[in-house]
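Protein chains: 2
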Amino acid sequence: MKETNKTIDVSRFEEEVRVFAPATVANMICGFDVLGFAVHEPGDEIIMRRSEKPGVRLLNITGDEGRLPKDPNKNTVSACAEMLLKDLGLSDKVGLEIELHKHMPIGSGLGSSAASTVGGLYATNEILGKPLTKPELLPYCIEGERLACGHPHADNVGPALFGGITLIRGEAIKPDLIQLPTPEKLHASIIFPQVDVPTRDARQLIKEKVKLKDAVVQWGNIAGLVAGLYREDYALITRSMKDVLIEPTRAILIPQFEEMKKIALSEGAMSFGISGSGPSVVAMSTKMETAEKISSAIQKHLQEQDIDFFAYVSKVNTEGPKRL
Amino acid sequence: MKETNKTIDVSRFEEEVRVFAPATVANMICGFDVLGFAVHEPGDEIIMRRSEKPGVRLLNITGDEGRLPKDPNKNTVSACAEMLLKDLGLSDKVGLEIELHKHMPIGSGLGSSAASTVGGLYATNEILGKPLTKPELLPYCIEGERLACGHPHADNVGPALFGGITLIRGEAIKPDLIQLPTPEKLHASIIFPQVDVPTRDARQLIKEKVKLKDAVVQWGNIAGLVAGLYREDYALITRSMKDVLIEPTRAILIPQFEEMKKIALSEGAMSFGISGSGPSVVAMSTKMETAEKISSAIQKHLQEQDIDFFAYVSKVNTEGPKRL
Numbered sequence: 001m002k003e004t005n006k007t008i009d010v011s012r013f014e015e016e017v018r019v020f021a022p023a024t025v026a027n028m029i030c031g032f033d034v035l036g037f038a039v040h041e042p043g044d045e046i047i048m049r050r051s052e053k054p055g056v057r058l059l060n061i062t063g064d065e066g067r068l069p070k071d072p073n074k075n076t077v078s079a080c081a082e083m084l085l086k087d088l089g090l091s092d093k094v095g096l097e098i099e100l101h102k103h104m105p106i107g108s109g110l111g112s113s114a115a116s117t118v119g120g121l122y123a124t125n126e127i128l129g130k131p132l133t134k135p136e137l138l139p140y141c142i143e144g145e146r147l148a149c150g151h152p153h154a155d156n157v158g159p160a161l162f163g164g165i166t167l168i169r170g171e172a173i174k175p176d177l178i179q180l181p182t183p184e185k186l187h188a189s190i191i192f193p194q195v196d197v198p199t200r201d202a203r204q205l206i207k208e209k210v211k212l213k214d215a216v217v218q219w220g221n222i223a224g225l226v227a228g229l230y231r232e233d234y235a236l237i238t239r240s241m242k243d244v245l246i247e248p249t250r251a252i253l254i255p256q257f258e259e260m261k262k263i264a265l266s267e268g269a270m271s272f273g274i275s276g277s278g279p280s281v282v283a284m285s286t287k288m289e290t291a292e293k294i295s296s297a298i299q300k301h302l303q304e305q306d307i308d309f310f311a312y313v314s315k316v317n318t319e320g321p322k323r324l
Numbered sequence: 325m326k327e328t329n330k331t332i333d334v335s336r337f338e339e340e341v342r343v344f345a346p347a348t349v350a351n352m353i354c355g356f357d358v359l360g361f362a363v364h365e366p367g368d369e370i371i372m373r374r375s376e377k378p379g380v381r382l383l384n385i386t387g388d389e390g391r392l393p394k395d396p397n398k399n400t401v402s403a404c405a406e407m408l409l410k411d412l413g414l415s416d417k418v419g420l421e422i423e424l425h426k427h428m429p430i431g432s433g434l435g436s437s438a439a440s441t442v443g444g445l446y447a448t449n450e451i452l453g454k455p456l457t458k459p460e461l462l463p464y465c466i467e468g469e470r471l472a473c474g475h476p477h478a479d480n481v482g483p484a485l486f487g488g489i490t491l492i493r494g495e496a497i498k499p500d501l502i503q504l505p506t507p508e509k510l511h512a513s514i515i516f517p518q519v520d521v522p523t524r525d526a527r528q529l530i531k532e533k534v535k536l537k538d539a540v541v542q543w544g545n546i547a548g549l550v551a552g553l554y555r556e557d558y559a560l561i562t563r564s565m566k567d568v569l570i571e572p573t574r575a576i577l578i579p580q581f582e583e584m585k586k587i588a589l590s591e592g593a594m595s596f597g598i599s600g601s602g603p604s605v606v607a608m609s610t611k612m613e614t615a616e617k618i619s620s621a622i623q624k625h626l627q628e629q630d631i632d633f634f635a636y637v638s639k640v641n642t643e644g645p646k647r648l
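Listed in order, the protein sequences are those of chains D and G.
The numbers in this note's numbering rise by one with no breaks, and the one at position 189 of the first sequence is 189.
Going from the second sequence to this note's numbering is simple: count from 1 and add 324.
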């Protein structure tokens, strides 16, 4: 990143901040690589304190089952904090101590690395008295995503940072990020069946070429979903939120996918599909009551199949990261 | 089509109607097979009169250079009128005499057959006292399109019938047609260089498979265009109205395509691309003055190249067919 020419006001610095950053559902079922939305849970909690000694230290990580790098240059939270300090010319002036508490599974298709990246950068910006706006933080988030998963893409960090439903078009590095309207009633039932599908593997599974006629159906659906969001037309959203291109391939990696889909739709879901690169799945509905019924029915089914899982029910989170 | 159970009110019948039906720009540059819009010119004029003798007769066709079928069972205007009469149980009761005046080129990628089909059905419905609504007329229009060009698709008949900018998703035969907002300032400069590119040939040129990464760019653009129309965000519309998938193949059939594109963009066009399956091209802009400047500059260039052409400048037509 190039050095910014922001004026830093030391009097606005804070001693400690605690931040929540949300999980995100990339693709929003039909919009592979261009859509995503944030939820209220799960998410990451980040505690950041200023210290006398300059530099960024990663004090503690919980909830990651030892899977995340403890090297502050490699962990996305501390590395991104350092990147931002450096760009602001504060590397040798400010000391930061970080605790990362992961309240969400890693490698689950819920934007775990994006939550940490966005949370870390949001916390850093807060502790420094908010020198940057959210749009100014976005390039750092994308760079953090590249560091964390090798893929500089905004379909998780975009909605995690801005909240709501996000359209990402144009170049990966400097994307054109458009906030779409979030219809009030949209609820998500998320289930993470505990099988590990690394993003890289899920990406490799996808074919390089697709049938044009399938692509036409898919972009008709994406256009229909965007129009449905603006019109707050739940019937149109329901008709449009279908993935004919990616799901047939990726669903193979997800145990009980078809069974869960059948259950969700029979319990009144508008739509059911894969969250990001999976294995988490998501059912959309228009009522909290329905969202919970769907979740319970799928949970019951997975229990019968002896498959461990995490389950979350949430409205779309229009806020993004927040102070705790 | 199945017989309708509409009540026919003979007292509302008219003796003669004159109807204008507009040309349409299918795809709207980036939305292959899912978007289209109507213009104020060119278009077809249809004169329809009731006669004593039952049955549909095609009295006269002008402006088609002898290219359209004169057999009333094969010409889309008369065949569709007959189809509608039959469905309404009026075949042996009502006589119609039709004149079709084509004020637009055939095989130009401007929805010539759609204009005739929509105009014929609209005129028939008007002369019968409007027993059907526009949505009820749509299936007949799609059937007419199949008759006229072998391809039952709504990306021309949809916008020709409803006016404005139309999104067509779902099945070809029973499409899900969504009227998108038409930002006030949108203007189209249409140029038809006089080379013949039959729709069938242009379709055959398109590859069956496309790269997924190109498809992602394309559906990001389509989603961006839809969002831009709702936001009335001309900058976003401009960024989004780009075709990375179809244009590279189809443009080969269009003489001076790259040169015309360069001229249009240098004269201030938001975007430039192929209308439908071509060879007509379209430049979009936000002012009538710009639209006319673009048109003049391209016309001048084509004259220098000794290429004959038709040129039209129009706002997006939000009305569709109308009585003259």
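Backbone N, C-alpha and C define an ideal beta-carbon position, used for all residues, glycine too.
For clarity, every value in this text was computed on a predicted model and none was experimentally measured.
- Around the beta carbon of Gln580(G), 16 or more other beta carbons sit within 10 angstroms, so the residue counts as buried.
- From the listed residues Gly55(D), Asp87(D), Gln204(D), Leu110(D), the smallest Cα separation to Ile98(D) is found for Gly55(D).
- Residues of the stretch 217-250 of chain D with a Cβ closer than 9 Å to any Cβ of chain G, in chain order: Val217, Gln218, Trp219, Gly220, Asn221, Ile222, Ala223, Gly224, Leu225, Val226, Ala227, Gly228, Leu229, Tyr230, Arg231, Asp233, Leu236, Arg239, Ser240, Leu245, Ile246.
- In the structure shown, Gln303(D) adopts helical secondary structure according to DSSP, grouped into three states.
- In the DSSP assignment, Met284(D) is bridged to Ala188(D), Ser271(D).
- Note that the C-beta distance between Arg381(G) and Arg647(G) is not below 8 Å.
- Gly119(D) and Arg12(D) have their C-alpha atoms some 20 Å from each other.
- Within the stretch 95-180 of chain D, the complete beta strand (DSSP E) segments of 3 residues or longer fall at 95-102, 165-170, 175-180, listed in chain order.
- The bridge partners DSSP lists for Pro346(G) are Gly367(G).
- CA-to-CA, the gap between Asn27(D) and Arg574(G) works out to about 30 Å.
- Note on geometry: alpha-carbon atoms of Asp44(D) and Met104(D) lie some 7 Å from one another.
- From the beta-carbon of Val534(G), the residues of chain D found nearer than 9 Å are Lys209, Val210, Lys211, Leu212, Ala215.
- Against chain D, the beta carbon of Leu491(G) has neighbours under 7 Å at Ala223, Gly224, Ala227, listed in chain order.
- Distance between Ile246(D) and Met407(G), taken at the CA atoms: about 41 Å.
- CA-CA distance, Val334(G) to Met372(G), rounds to 17 Å.
- For Arg381(G), the uninterrupted beta strand (DSSP E) segment begins and ends at 379-386.
- Per the coordinates, the alpha-carbon of Pro396(G) lies some 17 Å from the alpha-carbon of Leu414(G).
- Going by beta carbons, Lys377(G) and Gly419(G) fall inside the 8 Å limit.
- Closest in alpha carbon position to Gln194(D), among Glu208(D), Phe310(D), Gly158(D), is Phe310(D).
- In the DSSP assignment, Phe310(D) falls within the unbroken beta strand (DSSP E) covering 309-315.
- What Phe486(G) touches in chain D, judged by beta-carbon distance under 9 Å, is nothing: the nearest beta carbon there is about 14 Å away.
- DSSP, reduced to helix, strand and coil, places Gly36(D) within a strand of the structure shown.
- With the criterion set as a beta carbon lying under 8 Å from some beta carbon of chain D, the members of the stretch 351-370 of chain G are Gly355, Phe356, Asp357, Val358, Leu359, in sequence order.
- Assignment of Pro255(D) by DSSP, reduced to helix, strand and coil, places it in the coil class.
- In the structure shown, Pro248(D) adopts helical secondary structure according to DSSP, grouped into three states.
- Residues of the same chain with a CB within less than 6 Å of the CB of Arg470(G), apart from the 5 flanking positions on each side, are Pro476 in chain order.
- Straight through space, the alpha carbons of Val313(D) and Ile190(D) are spaced by roughly 6 Å.
- Here DSSP, grouped into helix, strand and coil, assigns Ser51(D) to strand.
- Put simply, the CB of Ile502(G) is near chain D, with a gap under 8 Å to one of its CB atoms.
- For Gly433(G), not one C-beta of chain D is nearer than 8 Å to its own C-beta.
- DSSP lists Met48(D) as the bridge partner or partners of Val17(D).
- Annotation for Ala115(D): Ala21, Pro22, Ala23, Gly43, Asp44, Met104, Ala160 place their beta carbon closer than 7 Å to its own, counting only its chain and skipping 5 residues before and after.
- Going by beta carbons, Val226(D) and Leu536(G) fall outside the 8 Å limit.
- Contact annotation: in the stretch 593-613 of chain G, no residue has its CB less than 9 Å from a CB in chain D.
- Rounded to whole angstroms, the gap between the alpha carbons of Trp543(G) and Trp219(D) is 5 Å.
- Considering only Cys473(G), Thr642(G), Pro463(G), the residue with the shortest C-alpha distance to Glu495(G) is Pro463(G).
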